[in-house]
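The UniProt record's numbering puts the first residue of the sequence shown at 1, with every later residue one more than the last.
All C-beta atoms in this analysis are idealised placements derived from N, C-alpha and C, irrespective of residue type, glycine included.
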Amino acid sequence: MGITIKDVAKAANVAPSTVSRVIADHPRISMDTKKRVRRAMKDLGYHPNVNARSLANKSTQALGIVMKSSADKALQNPFFPEVLRGISSVAHELDYSLYISTGETEDEVYEGVQRMVYGNRVDGIILLYSRVNDNVINFLLEKDFPFVLVGKPCEHIDRITHVDNDNVNASIDITNELINQGHERIAFIGGDTDLVVTQDRMRGYEMALEKAGLPLRDEYQIHKEFLKSGGREAVHQLFKLDEPPTGVVIVDDLMSIGVVTMLEENGIRVPDDVSIVSFNNLYISEITRPSLTTVDIQIYNLGNQAAKCLIEKVNNQDEPAKRIIVPYQVIRRQSSQHVNVNGASTS
1 MGITIKDVAK AANVAPSTVS RVIADHPRIS MDTKKRVRRA MKDLGYHPNV NARSLANKST
61 QALGIVMKSS ADKALQNPFF PEVLRGISSV AHELDYSLYI STGETEDEVY EGVQRMVYGN
121 RVDGIILLYS RVNDNVINFL LEKDFPFVLV GKPCEHIDRI THVDNDNVNA SIDITNELIN
181 QGHERIAFIG GDTDLVVTQD RMRGYEMALE KAGLPLRDEY QIHKEFLKSG GREAVHQLFK
241 LDEPPTGVVI VDDLMSIGVV TMLEENGIRV PDDVSIVSFN NLYISEITRP SLTTVDIQIY
301 NLGNQAAKCL IEKVNNQDEP AKRIIVPYQV IRRQSSQHVN VNGASTS
């Protein structure tokens, strides 16, 4: 038997009806009592079932969406609103609502997912990231709860339905853009190395350089958060080197824009002095100056496919795990050009 309301009432020294009122956040219960009951719930591991619906109709008609960091941080990156647009177009059509869970830390994200699952708040979950040995994925597998991953799983690849791009080949192709323009000193600015997408894009970069017979230099590989501020620190390190790169592969458009700004503040012009290529083809990559040469990974389509897969899984628990690869395309714009003999770029 699981923990019941009576167990919580006993531990908090209140009546079971008081526990029910605390769960419903009744205004007439004092703050002290609420705190005491909530602490007892947490200590005992009791998760209220928000929708104690009849067992015949277990569906909540809601899909949970989990981001890797706090909403304000995640939503600064236009990747997330765009992938949400793709998810909600399918959800809306099939009459599902969306329940978004975020957290400041990995533990908070994990607790949010537990609440969704134990509280029967959602029918299934879409994870908008893939992290190395992620306890959220392990928990969902253990509970046999329907979920879909946007990205490539780090392990259990055959058990997890996932929607992804071929990030290794995309990275080979975008790195080759610079190699074909005559660049030999090519750096890589990545994001969080715990993320599978960072690892895949880095691997593609390394493979392209190796195939072209170009050296892999440790000092040319820099990893920071996927945010503008991270890009700025990375630039400082790279362009202080005795032999700074003439081309840079950057793991995300938002970071690229931060890098371009930083370079210009230091009198380094893109693409005249250094060429930049990037990933994701966010809408801002077209309107920024110079516009970015980048990989279009069809973000809307990633969200769209993920929602379709999840609803299929919710409707049929025996649905086998699927791997859906969304095609990508290299978009050539103004941020990269041929290198000249002195090592600077030329048009």
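- By the neighbour-count criterion, in which 16 or more other beta carbons inside 10 Å mark a residue as buried, LYS68 falls on the buried side.
- Remark: C-beta atoms of SER335 and PRO271 approach each other more closely than 8 Å.
- 8 Å or more divides the Cβ of ALA307 from the Cβ of ALA74.
- Relative to PRO245, the option among THR261, ILE257, MET255, LEU216 whose CA is nearest is LEU216.
- Excluding sequence positions up to five before and after HIS156, its CB lies within less than 8 Å of the CB of ILE137, LEU141, all in the same chain and listed in chain order.
- In the structure shown, HIS47 falls within a coil segment according to DSSP collapsed to helix, strand and coil.
- By alpha-carbon distance to GLN237, the top candidate from VAL248, SER30, ILE222 is ILE222.
- Within the same chain, HIS162 come within 7 Å of ARG323 by CB-CB distance, once the 5 residues on both sides are set aside.
- In this structure, GLY112 places its C-beta atom within 8 Å of the C-beta atom of SER101.
- When DSSP reads this structure, GLN114 sits in no beta bridge, so it has no partner.
- In this chain, the beta strand (DSSP E) harbouring TYR99 covers 97-101.
- GLY247 is bridged by DSSP to ILE186, SER275.
- In its chain, beyond the 5 residues on either side, LEU84, ILE87, LEU98, TYR99, ILE100, SER101, ILE125, ILE126, LEU128 have a beta carbon closer than 8 Å to the beta carbon of ILE65.
- Per DSSP, the continuous alpha helix (DSSP H) segment holding PHE79 begins and ends at 79-93.
- DSSP lists no bridge partner for PHE139.
- The beta carbon of ARG333 is closer than 8 Å to those of SER285, GLU286, PRO290, SER291, LEU292, THR293, THR294 in its chain, skipping five residues each way along the sequence.
- About 5 Å separates the CB atoms of VAL168 and ASP200; that is less than 8 Å, so the two are in contact.
- Under a 10 Å Cβ-count criterion, HIS183 is classified as buried, with 16 or more other Cβ atoms of the shown protein chains found around its own Cβ.
- Taking the C-beta atoms as reference points, ASN281 is found no nearer than 8 Å to ASP252.
- Beta-carbon to beta-carbon, VAL196 and VAL235 are separated by about 25 Å, too far to satisfy the 8 Å threshold.
- Contact check for SER278 and ILE297: beta-carbon distance about 11 Å, past the 8 Å limit, so the pair fails to qualify.
- Here the C-alpha atom of VAL150 lies approximately 8 Å from the C-alpha atom of GLY303.
- Each of ILE3, ARG203, PHE147 was checked against the Cα of ASP173, and the nearest Cα belongs to ARG203.
- Spanning the alpha carbons of TYR283 and PRO78 requires a straight line of approximately 8 Å.
- With respect to VAL14, ARG38 sits apart: the two C-beta atoms are not nearer than 8 Å.
- SER256 has its alpha-carbon roughly 8 Å from the corresponding atom of ILE276.
- Secondary structure of HIS156 (DSSP, three-state): coil.
- Taking the CA atoms as reference points, LYS211 sits about 56 Å from TYR46.
- If you look at ASP296, you'll find it in the beta strand (DSSP E) that goes 293-296.
- Here VAL8 carries a helix assignment [DSSP, helix/strand/coil].
- In the DSSP assignment, THR175 falls within the alpha helix (DSSP H) that extends over 167-180.
- Shown here, LEU241 sits in coil according to DSSP, grouped into three states, outside any helix or strand.
- The Cβ-Cβ distance between GLY119 and ILE186 does not fall below 8 Å.
- Per the C-alpha coordinates, the member of MET262, GLN329, ARG269, LEU310 positioned closest to PRO320 is LEU310.
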